[in-house]
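Trainee: This structure is in C-alpha cells; I'll ask about it shortly.
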Amino acid sequence: MAVVFDRPHALVDIPMHYCPGCTHGIAHRLVAEALDELGIEGKTVGISSVGCSYNNYFYFNCDMIQAPHGRAPAVATGVKRSLPDNIVFTYQGDGDLAAIGTAEIVHAAARGENITVIFINNTIYGMTSGQMAPTTLLSQVTTTTPYGRDPKEHGFPIRVCEMLATLSGPAYIERVSLHDIKHIKKAKEAVKKAFKVQIAGKGFSLVEMLSTCPTNWGMTPLEALDRIKNEMLEYYPLGVYAGKDLEV
Amino acid sequence: MGEKLLMKGNEVIAEAAIRAGCRHYFGYPITPQTEIAHYMAKKMPKVGGVFLQAESEVAAINMVYGAASAGKRVMTSSSSPGISLKQEGISYASGAQLPAVVVNIMRGGPGLGGIQPSQSDYFQATKGGGHGDYRMIVLAPSSVQEMYELTVDAFNLADTYRMLAMILGDGILGQMMEVVKFRDEEPIVQADKSWATNGHGMKREHNVITSIHLDPAVLEQWNRGLQEKYRIISEKEQRYELYHCDDAEIIIVAYGSVARIVKNVIKVAEEEGIKVGLLRPITLWPFPTKAFEQVIDKPRAFLTVEMSSGQMLEDVMLAVGGRKPVYFTGRMGGMIPQVDDIMAKIREIRAN
C-alpha cells in the first residue's frame with residue numbers, strides 16, 4: 002500500500018511539549034518536510050533560540066545548537082562562515098528576534114548572510130507567560146499591558162518583514178500564515194523556497210509565520226486560528242517582501 | 241631556524257592565532273586592542289580564513305559560539321568594556337563546553353573608564369564575569385614573546401579541555417614592540433571534536449550543543465562534570481615564574497607588564513642591599529598556589545603589586561593562608577606603578 006502521509010525523517014518521533022492548539026508543531030513539521038524533500042538533513046545545522054521552542058533540538062533530527070536570547074543569527078553566522086557548504090537555519094520567536102535580537106537579525110540580513118531564518122510571530126511572549134512582544138497589536142491585552150497596548154505608553158508593533166526589506170542584503174523575505182490548510186500549504190512552499198535560496202548561495206532568507214498562542218491569548222485553539230485571520234492579517238499582510246522575482 | 245621579527249604585542253597575538261590554526265576571527269573595534277582586528281582583516285583572506293567585523297561585541301562572541309560549535313579554532317578579542325559585553329556569550333560557551341580563545345587587552349575602568357593600561361579585570365577573568373559556576377583558563381603574558389607562545393598554548397588548552405581560554409594582557413603589552421622569535425612549526429594539539437555540530441551526513445545521531453538543562457538534578461550533574469574538569473586543570477596546568485626568590489627577604493607577586501617593572505625594582509633593591517624576589521603567575525586561573533608552597537618559608541613578607549585596587553591580592557592571601565604577612569601597592573585608572581613607589585613600599589615593610 003502506498004504511504005501518503007508519514008512523519009518526516011528530520012522530525013524526531015517523540016511527543017512535543019507545546020500547548021494544545023499551538024502552531025509550533027505545524028511550523029516544525031514544515032521545516033522538517035523541507036529538509037527531507039531537499040535531502041539536506043545530513044548537512045543542516047539548526048539554531049534554536051530562547052522561548053517556547055528553545056528545546057526544539059529534541060525535535061529536529063539534524064545537528065542543533067541552542068543560542069542565547071536573540072543571538073541565533075550571530076551564532077548562525079559563525080556556523081555558516083565555518084561551514085559554507087552546510088545549510089544553517091535559525092528558529093526564533095518574536096520576542097527573541099524582534100526585541101532582544103534586533104541588532105543580530107538586522108545585521109545578519111544587511112550582510113546578506115547565507116542563512117535561513119524561520120520567524121514565529123504570535124504577537125506575545127509565550128514561555129514567560131504572555132507579556133507584550135514587539136509584535137503585540139494595539140489594544141491587545143497581555144500580562145504587561147493589562148489595559149491593552151497603548152501606543153502612547155508602549156509604542157507600535159514592529160513589522161519585521163517590511164523593515165528588513167528596506168535593506169539590500171536579503172535575497173528572500175516572505176510572510177505566511179498557519180491559520181488554515183490553504184495557508185499552511187503556501188507556508189510550506191515559502192520554507193522550501195527559503196532553503197533553496199540558501200542552497201543556491203543567493204543569501205539571506207526569512208519566512209515569518211503568523212502563529213497562535215491559545216494559552217496566553219486566553220482562547221480555544223479554533224478561536225486562536227480565527228484571531229490570526231480576523232486581527233493579525235490586517236496589520237501583518239501576507240506576501241513576498243524581498244526576492245519576488247527570484248527563481249531558484 | 242625560527243623567524244625573528246620586531247612586532248607589536250597585539251599583532252603578535254593575531255599572528256600566533258593564525259600559526260595555531262585559527263582561521264576564524266570575529267571582533268569589534270575598541271582601543272587598545274584594535275590592531276588585532278586590523279591584522280586579522282589583512283591576513284585572514286590570505287590564508288583562507290574568515291575575518292568578520294561584527295555589529296557588536298555581543299554578536300562577535302556569539303559568532304565565536306557558532307564557529308566553535310562547528311568544531312573550528314576561533315578567536316575574538318576586545319578590551320575591558322567590550323569584554324563586559326561578551327560575558328553572556330562567555331557564560332553560555334562555558335556552559336556548553338565550547339573551546340575558543342578570548343583576548344582581553346585591559347584598560348582602566350569601571351564604565352567607559354580610559355584607554356590606558358590596567359589590570360582591573362582580574363576578578364572578571366578569574367572569578368567569572370558572567371553568571372554560573374564556570375571558569376576560564378586565564379593566561380597572563382609578560383612580554384611580546386609570551387604573547388605569541390601563550391596564544392598558541394591557549395588554543396591547545398581550550399581544545400584539550402573543551403573550554404574557553406583567555407589571554408589577559410594590558411594596554412602596555414598590546415601596544416609595545418619587541419623582538420619575537422617564531423617557531424618553524426607550532427605544537428598543535430589535535431583534539432577529538434566528534435561533538436561538533438557540522439552536519440551528521442545521515443551517518444550518526446544528531447549532535448546537540450546546549451547550555452540549558454531544566455531538570456535541576458541533571459544540571460547539577462552537568463555542573464559536577466565541569467567542576468571535576470576544573471579540579472584536574474588546577475592540578476595540572478598551574479604556571480608561574482620564580483625570579484630571585486631563593487634568598488629573598490620580600491617576594492613581590494605581580495603578573496603581566498607589572499612583573500617587568502618589578503624586575504627593575506629587584507635590581508634597584510639589590511643596590512640598596514635588599515633582597516627582593518618575584519613570583520609571577522602566568523596562569524591567573526588556575527592560580528599557581530604551588531609556587532607559594534615552594535617559597536613560603538623564605539621571605540619575611542609578600543608584596544602584591546597590581547594596576548588595580550588589589551584584586552589578585554585576594555588570591556595571594558588565600559595562597560599564603562596567613563603564614564606570612566601580605567602587603568599591597570598598586571595604581572588605578574591607567575596609571576602605572578613606578579619603581580620608586582614600589583621601593584617606598586618595600587622600605588615601609590622593612591621598617592615595620
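If you read the protein sequences in the order shown, they are chains A and B. The number in our numbering is simply the position in the first sequence, starting from 1, with 1 added. The number in our numbering is simply the position in the second sequence, starting from 1, with 240 added. Glycine included, each C-beta is placed from N, C-alpha and C at the ideal position. Since the model is a prediction, treat every value here as computed from it, not as a measurement.
1) Do R214(B) and G411(B) have their C-beta atoms closer together than 8 Å?
2) What is the DSSP secondary structure of Q199(A), reduced to helix, strand or coil?
3) Could you tell me which residues DSSP pairs with Y480(B) in its beta bridges?
4) How would you label V32(A), buried or exposed, when you count the other beta carbons within 10 angstroms and need 16 or more for buried?
5) Suppose only complete runs of 4+ residues qualify. What are the alpha helix (DSSP H) ranges in the stretch 380-448 of chain B, listed by chain order?
6) Count the other CB atoms, across all protein chains shown, that sit within 10 Å of the CB of K193(A); report buried if there are 16 or more and exposed otherwise.
7) Output, in sequence order along the chain, the residues in the stretch 422-447 of chain B whose CB is closer than 7 Å to any CB in chain A.
8) Give the secondary structure of T366(B) by DSSP, where H, G and I count as helix, E and B as strand, and everything else as coil.
9) Just to make sure I have the definition right: I need the residues of chain A whose C-beta is within less than 7 Å of the C-beta of S309(B). Which are they?
10) Identify whether G570(B) lies in helix, strand or coil by the three-state DSSP scheme.
11) So, do the stretch 326-338 of chain B and the stretch 486-504 of chain B have three or more beta carbon pairs nearer to each other than 8 Å?
12) Is L207(A) near I229(A), with beta carbons less than 8 Å apart?
13) Would you list, in sequence order, the uninterrupted alpha helix (DSSP H) runs of no fewer than 4 residues that lie entirely inside the stretch 282-350 of chain B?
14) Taking the alpha helix (DSSP H) that V545(B) falls in, what are its first and last residues?
15) Looking at chain A, which residues of the stretch 377-397 of chain B have a Cβ within less than 8 Å of any of its Cβ atoms?
16) Y148(A): buried (16+ other C-beta within 10 angstroms of its C-beta) or exposed?
17) Could you tell me whether any Cβ in chain B is nearer than 8 Å to the Cβ of L165(A)?
18) Thinking C-beta only, is R500(B) closer than 8 Å to S382(B)?
19) With M133(A) and H108(A) assumed to form a contact (beta carbons below 8 Å), what rounded beta-carbon distance in angstroms separates them?
20) Could you tell me which chain B residues have their CB closer than 9 Å to the CB of E34(A), listed as they occur along the chain?
21) What separation, rounded to the nearest whole angstrom, lies between the Cα atoms of T78(A) and I185(A)?
22) Just to confirm the assignment, what range does the alpha helix (DSSP H) spanning I506(B) have?
23) With 9 Å as the limit, tell me which residues of the stretch 449-461 of chain B have their beta carbon closer than that to any beta carbon of chain A; keep them in chain order.
24) What do you reckon, is the C-beta of M387(B) under 7 Å from a heavy atom of the ligand HEM?
25) Ordered along the chain, which non-local residues of its own chain (more than five positions away) have a Cβ less than 8 Å from that of N87(A)?
26) How many angstroms separate the CA atom of G261(B) from the CA atom of P285(B)?
27) L292(B) touches chain A at which residues, Cβ-Cβ below 8 Å?
28) Under DSSP, the beta strand (DSSP E) around S206(A) begins and ends at which residues?
29) I want to know whether the stretch 352-368 of chain B touches the stretch 429-447 of chain B - three or more CB-CB distances under 8 Å.
30) Identify the continuous beta strand (DSSP E) that holds I48(A) and give its terminal residues.
31) DSSP three-state call for K538(B): helix, strand or coil?
32) Got a sec: is the Cβ-Cβ distance from T117(A) to anything in chain B below 8 Å?
33) Between F59(A), A99(A), I48(A) and A68(A), which lies nearest to E209(A) when the distance is taken from Cα to Cα?
34) What residues of chain B sit near K44(A), judged by a beta carbon separation below 8 Å?
35) Select from N396(B), P272(B) and G351(B) the residue whose C-alpha is nearest the C-alpha of N344(B).
36) Using the Cβ count rule (16 or more neighbours within 10 Å means buried), how would you classify T144(A)?
Mentor: Working from what's here:
1) Coverage of chain B is limited to positions 241 through 592, which leaves residue 214(B) absent and any answer about it impossible.
2) helix
3) P521(B)
4) buried
5) 384-401 and 411-415
6) buried
7) T437, N438, G439, H440, G441, M442, H446 and N447
8) helix
9) I66 and V80
10) strand
11) no
12) no
13) 297-309, 320-325 and 327-335
14) That residue, V545(B), is in no alpha helix (DSSP H); its beta strand (DSSP E) goes A541 to E546.
15) none
16) exposed
17) no
18) yes
19) About 25 Å; that fails the 8 Å criterion.
20) Those do not exist, as E34(A) stays about 17 Å from chain B at its closest Cβ, beyond 9 Å.
21) 28 Å
22) G496 to E511
23) I449, T450, S451, I452 and L454
24) With respect to small molecules bound, the structure shown includes none, and the ligand HEM cannot be examined in it.
25) K44, T45, V46, V80 and K81
26) 14 Å
27) T78 and R82
28) S206 to L211
29) no
30) T45 to S49
31) coil
32) no
33) A99(A)
34) G439 and G441
35) P272(B)
36) exposed
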